[in-house]
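2 protein chains.
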Amino acid sequence: MIGIVGAGQLARMTTEAASALGVDVVVLAEQTDDAGAGIATRTLVGSPGVPGDLGRLAEVCDVVTFDHEQVDLGEVRALEEAGRIVRPGSATLEVAVDKARMRRRFTAVGIPVPRYEVLDGPAAPSAAVAAFAGTADWPVVLKATRGGYDGKGVWPVADQAEADETCARAAAHQTPLMVEEMVPITCELAVLVARRPQGETVVWPPVETTQFGGVCREVLAPGRLDPATATAAVAIARKVADEIGLAGVMAVELFLAQGALLVNEIAARPHNSGHWTIEGSVTSQFENHVRAVLDLPLGDPALTAPHVASVNIFGPDDGSDPATHLGGALALAGVHVHLYGKRARPGRKLGHVTVCGSDLDDVRARAWAAARVLGAPGLPKPEPEGGPHER
Amino acid sequence: MIGIVGAGQLARMTTEAASALGVDVVVLAEQTDDAGAGIATRTLVGSPGVPGDLGRLAEVCDVVTFDHEQVDLGEVRALEEAGRIVRPGSATLEVAVDKARMRRRFTAVGIPVPRYEVLDGPAAPSAAVAAFAGTADWPVVLKATRGGYDGKGVWPVADQAEADETCARAAAHQTPLMVEEMVPITCELAVLVARRPQGETVVWPPVETTQFGGVCREVLAPGRLDPATATAAVAIARKVADEIGLAGVMAVELFLAQGALLVNEIAARPHNSGHWTIEGSVTSQFENHVRAVLDLPLGDPALTAPHVASVNIFGPDDGSDPATHLGGALALAGVHVHLYGKRARPGRKLGHVTVCGSDLDDVRARAWAAARVLGAPGLPKPEPEGGPHER
Chain A
820 MIGIVGAGQL ARMTTEAASA LGVDVVVLAE QTDDAGAGIA TRTLVGSPGV PGDLGRLAEV
880 CDVVTFDHEQ VDLGEVRALE EAGRIVRPGS ATLEVAVDKA RMRRRFTAVG IPVPRYEVLD
940 GPAAPSAAVA AFAGTADWPV VLKATRGGYD GKGVWPVADQ AEADETCARA AAHQTPLMVE
1000 EMVPITCELA VLVARRPQGE TVVWPPVETT QFGGVCREVL APGRLDPATA TAAVAIARKV
1060 ADEIGLAGVM AVELFLAQGA LLVNEIAARP HNSGHWTIEG SVTSQFENHV RAVLDLPLGD
1120 PALTAPHVAS VNIFGPDDGS DPATHLGGAL ALAGVHVHLY GKRARPGRKL GHVTVCGSDL
1180 DDVRARAWAA ARVLGAPGLP KPEPEGGPHE R
Chain B
820 MIGIVGAGQL ARMTTEAASA LGVDVVVLAE QTDDAGAGIA TRTLVGSPGV PGDLGRLAEV
880 CDVVTFDHEQ VDLGEVRALE EAGRIVRPGS ATLEVAVDKA RMRRRFTAVG IPVPRYEVLD
940 GPAAPSAAVA AFAGTADWPV VLKATRGGYD GKGVWPVADQ AEADETCARA AAHQTPLMVE
1000 EMVPITCELA VLVARRPQGE TVVWPPVETT QFGGVCREVL APGRLDPATA TAAVAIARKV
1060 ADEIGLAGVM AVELFLAQGA LLVNEIAARP HNSGHWTIEG SVTSQFENHV RAVLDLPLGD
1120 PALTAPHVAS VNIFGPDDGS DPATHLGGAL ALAGVHVHLY GKRARPGRKL GHVTVCGSDL
1180 DDVRARAWAA ARVLGAPGLP KPEPEGGPHE R
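Those sequence lines, one after another, are chains A and B.
Mapped onto the numbering used here, the consecutive letters of the first sequence carry residue numbers 820 to 1210.
Mapped onto the numbering used here, the consecutive letters of the second sequence carry residue numbers 820 to 1210.
Quick look at the structure:
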């Protein structure tokens, strides 16, 4: 029995994969109607923020893993000290959830990251930003070192006035900050890695991701990269996995900028940039996560088709539910629709579609056509406006 | 919400597919630990044999479908008369579950079946068998017209003495019988069909199945057939689906004998001969069953690789659990393991493995290697002894 902290769509898709292997899942769900609750063998209602709830979960399963990172690391460490198996463990999570710690750790071992400074020195954050911008030049990017995801906790600032404002707002919320150069991004990549506790590792081909408003909208596998860049990205991802002692699946998100690769973020769990693997790869990220946390041999990450496109489905602005358009999307040839059973709200991530095929333009066109049918009005065109963008 | 009568492995795999589409499932399970119970959104404990239990299921779902055929057709008709949606409906089920009715119906519309006679005339069954054998020649096959599956209810008899004995045993159990010619089988095929209530139909490429002891052990997709035979098999399966007004997925099992195709059995539900479709076809039988019973557009049944082999996993003779050998099987390249979470018992169907690839011998070898690792001792070699066999 695998225990999953959280019961969102990642828990749901992990459970689908676990079920195929005959493996039971218990989820720690905030609500009984969470996306991952109905399908789990067992649902504990609770929260990792409530003292004792992680322990209740650990008691009824063989290994604890995660749907999200909003966990108290002290509690995770306490579980480990009590002899519970947690994968990934606290030593991995403390790097994954803290951008400052991650940047420092990676810098120390030669994993490339954007130029940065953590704003925890003696100087006032505002003054430190000024000094950093004096060498890196405006605009710069302020980031919360913890708690950010999907573009939250990331604030590009154009000048000192904007920086002062952001620093003041962060101070009011006691949000620790770092400042980073604005990277002139050519494209964004993600590399999915699965690693067993003792080191066996498989890496999926690097993918190209497109963000709008800091949120991933489209994933193309394989990414349109020259072979040397793809090889370098895989090597970086392997190095990260070894460095943080990964047990499970991880996504390493990278910037490609002026020919160089820079690690932007990591997520030590199955990730939106890997949903395409369900149909697009021999072994899905969810199955390999199950296999990795159970310390079972990992499966083949090879693609099942020359090209795979995956597009996220968000709640339309009018509040309507994409599920009501399911038939229209399924009428499109070769479209794999995934809906997460979540209540529709404008902008909420409710599902994704994946198309596999031999022609890149064709698979993208079909995936976006399905996304439009599922009711996301005003979706941008597949090819966003050029120029650097930041998340 | 789809309601499934029964909670075996077919319900489990149907639920995995439904979950991906964001569709909830309620199962009517005999026991809370049935294979399909843990994963369902909701489990009602009950039995289609208990008056009122089908009605309880129908009350909490939008459409009722089936994991098995052990249902009282009178109760199904009563549900339909009360306005409940049941797919496939009673008009389909009454043909699918009664071999005598099926043979007569198919004969009437020109769907080829083995030469047969239903033993419900004025003559004693034993005498009718003698008369039939007088024209068809010994051996002949006696079959229970209802309730048989996996080789149960099928009795080849070599002579009058054996026929008398089987007829007497059947009479003691009030089992209605039919007699059939012993078909000189070249190979056995199955054709999977999905059909929407108003007629949209998709047909997967015909597969070759190998039975040992009347139970399916291996499925090869596509079957090794000449194109004319494959085309004819597809045409027969479409004709059957239309004739019985199918709504859902059905398997048509055929004999190829002396160049001719004969329908042996049909199962108006997802079927063991279609488990390979989970990885081996663009749309699995389980997803298309969900789509068909919800009257949604059907998905592409094309293969994802040139060759797919699937081998069933049974409980080893020593009572051990194949799940304990999961790691060994997953260590083999490209093997998709499905275990159903059922308690291991010798001979019980507990799972299956599927391998996709470009070389038939290679995918078969890997699938059988995985099956052996999963602990089925004494499994026959992939290629059984030649000669006619009957189920």
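Backbone N, C-alpha and C fix where the C-beta goes; we use that ideal spot for every residue, glycine too.
| Query | Result |
| --- | --- |
| For ARG1210 (chain B), the three-state DSSP class (helix, strand or coil) | In this prediction, ARG1210 (chain B) scores a pLDDT of 29, lower than 50, which makes its location untrustworthy; the coordinate-derived value is nonetheless stated afterwards. ARG1210 (chain B) falls in the coil class under three-state DSSP. |
| Close beta carbons around VAL1038 (chain B), own chain, < 6 Å, minus the five adjacent residues each side | VAL1026, THR1028, SER1092, TRP1095 and SER1129 |
| Distance, HIS887 (chain A) Cα to GLY908 (chain B) Cα | 43 Å |
| Where GLU835 (chain B) meets chain A, residues with beta-carbon distance less than 7 Å | GLU835, SER838 and ALA839 |
| Residues, ordered as in the chain, of the segment 853–865 of chain B that lie near chain A by beta-carbon distance below 7 Å | GLY857, ILE858 and THR860 |
| CB contact check: GLU1209 (chain A) to chain B, cutoff 8 Å | Below a pLDDT of 50, predicted positions are generally treated as unreliable, and GLU1209 (chain A), at 30, falls in that range; the measurement from the model is reported next regardless. Judged by the 8 Å Cβ criterion, GLU1209 (chain A) is not in contact with chain B. |
| Interface residues of chain A facing LEU1158 (chain B) [CB-CB closer than 9 Å] | ALA839, LEU840, GLY841 and VAL842 |
| Residues that DSSP places opposite ARG1084 (chain A) in a beta bridge | Checking the sequence shown, residue 1084 (chain A) turns out to be Glu, not Arg. DSSP, once it has assigned bridges, lists A:GLU1072 as partnering GLU1084 (chain A). |
| Beta-carbon proximity of VAL1127 (chain B) to VAL1182 (chain B), cut-off 8 Å | yes |
| Start and end residues, beta strand (DSSP E) containing CYS1006 (chain B) | 1006–1014 |
| Unbroken beta strand (DSSP E) run spanning LYS962 (chain A), endpoints | 959–963 |
| Short-range partners of chain B found in the segment 1051–1078 of chain A, where Cβ spacing is below 9 Å | none |
| Per-residue burial, PRO1046 (chain B) [other beta carbons within 10 Å of its own, 16 or more giving buried] | exposed |
| Contact with chain A by GLU1204 (chain B), beta-carbon distance below 8 Å | At GLU1204 (chain B), the pLDDT of 34 sits below 50, so the modelled position is not reliable and the matter cannot be decided from this model. |
| Given 8 Å, three or more beta-carbon pairs between the segment 1115–1127 of chain B and the segment 1160–1172 of chain A | no |
| Coarse secondary structure for VAL1101 (chain A), derived from DSSP in three states | coil |
| Under 8 Å between C-beta atoms of LEU1151 (chain B) and ARG1110 (chain B) | no |
| Bridge partner(s) assigned by DSSP for ASN1107 (chain B) | Per DSSP, none; premise fails for ASN1107 (chain B). |
| Within-8 Å CB hit, THR811 (chain B) to chain A | Chain B is shown from 820 up to 1210; residue 811 (chain B) falls before or after that span and cannot be answered. |
| Straight-line gap, HIS1090 (chain B) to LEU1145 (chain A) (C-alpha atoms, nearest Å) | 25 Å |
| Selected residue, minimal CA-CA separation from MET1001 (chain B), among B:PRO995, B:PRO958, B:GLU1007 and B:GLU1019 | B:PRO958 |
| Cα-Cα separation between ASP853 (chain B) and ARG861 (chain A), rounded to whole angstroms | 14 Å |
| For ALA1190 (chain A), three-class secondary structure by DSSP | helix |
| Rounded separation between ALA1057 (chain B) and THR985 (chain B) - CA only | Note on residue identity: the sequence assigns Arg, not Ala, to residue 1057 (chain B). Using only the alpha carbons, I get a separation of about 35 Å. |
| Test: ILE821 (chain A) CB closer than 8 Å to a CB of chain B | no |
| Contact with chain B by ALA1152 (chain A), beta-carbon distance below 8 Å | yes |
| Rounded straight-line distance, which links the Cα of ARG988 (chain A) to that of TYR1223 (chain A) | Any property of residue 1223 (chain A) remains undetermined from this structure, which presents chain A solely from 820 to 1210. |
| Environment of SER1177 (chain B) [buried if 16+ CB atoms lie within 10 Å] | exposed |
| Neighbour flag for LEU1149 (chain A) against chain B, beta carbons, 8 Å | yes |
| For GLN1030 (chain B): DSSP bridge partner residues | B:CYS1035 |
| Chain A residues whose Cβ lies nearer than 9 Å to that of THR1123 (chain B) | GLU1098, THR1123, ALA1124 and CYS1175 |
| Cβ pair count under 8 Å reaching 3, the segment 922–931 of chain B against the segment 894–911 of chain B | no |
| Unbroken stretches of the beta strand (DSSP E), 3 residues or longer, contained in the segment 854–927 of chain A | 861–864 and 882–885 |
| Cα-Cα separation, ARG1088 (chain B) to GLN850 (chain B) | 21 Å |
| Inter-residue Cα distance where the pair is GLY1067 (chain B) and LEU840 (chain B) | 16 Å |
| Neighbour flag for ASP1119 (chain A) against chain B, beta carbons, 8 Å | yes |
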